[in-house]
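Peer 1: My structure is below; once you've seen it, I'll send some questions.
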Amino acid sequence: MEENGLRDLLSKRLYIELQLFRDSMLQREKEDIFQSSYVIEVYVNLYEIFMVHIDNLDIGIMRRLLNLKFGIMEHIYQEWLSRDDSFFDELKAFACDGLGTLSELGNLDCREEAEDGKRPDKAA
5 MEENGLRDLL SKRLYIELQL FRDSMLQREK EDIFQSSYVI EVYVNLYEIF MVHIDNLDIG
65 IMRRLLNLKF GIMEHIYQEW LSRDDSFFDE LKAFACDGLG TLSELGNLDC REEAEDGKRP
125 DKAA
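Oh and the sequence shown: position 84 is 88 in the working numbering, straight run, nothing missing.
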């Protein structure tokens with residue numbers, strides 16, 4: 005089979021995998037779907053990434069992917085879960101640093117009282 009035919013088959017396989025995943029999610033209760041929001045986001049992102057980069061794959065890679073007996077996206081997702089993710093650590097540092105800055109922006113009425121118990125004057 006020629007390169008364009010393989011690319012088309014791989015695109016269709018990935019689309020079918022995404023649709024099967026979608027259908028399996030829609031079988032769940034609303035709360036379960038909500039709790040699965042991360043996996044849903046990753047699957048959608050993986051599909052979009054694959055579609056953008058499918059033109060860069062050579063014939064050998066496409067043939068090997070098409071011969072896999074398991075889901076491409078499921079396997080990549082499981083591999084992703086096994087990696088150390090620094091996102092949480094980065095978000096934690098950013099969020100904690102931002103709390104001090106945010107608290108200064110929020111409510112100017114929360115400034116300390118003067119020694120006489122009066123609140124500081126506010127600018128007009």
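Ideal Cβ placement from N, Cα and C applies to all residues, glycine included. Since the model is a prediction, treat every value here as computed from it, not as a measurement.
So, is Met5 buried or exposed, given that buried needs 16 or more other C-beta atoms within 10 angstroms?
Peer 2: With fewer than 16 other Cβ atoms within 10 Å, it is exposed.
Peer 1: Under 8 angstroms between the Cβ atoms of Tyr47 and Tyr19?
Peer 2: Not in contact: Tyr47 and Tyr19 (Cβ atoms no closer than 8 angstroms).
Peer 1: How would you call Phe25, buried or exposed, if buried means at least 16 neighbouring beta carbons within 10 angstroms?
Peer 2: Under this definition Phe25 is a buried residue.
Peer 1: Among residues of its own chain, excluding the 5 on either side of Leu70, which ones have a beta-carbon nearer than 8 angstroms to its beta-carbon?
Peer 2: Correct list, in chain order: Leu10, Leu13, Leu14, Arg17.
Peer 1: Just the Cα atoms here: how many angstroms apart are Ala128 and Glu108?
Peer 2: Model confidence at Ala128 stands at a pLDDT of 49, short of 50, so the residue's coordinates are unreliable and nothing is read from them.
Peer 1: Run through DSSP, which three-state label would Leu61 get?
Peer 2: Note: Leu61 maps to coil in three-state DSSP.
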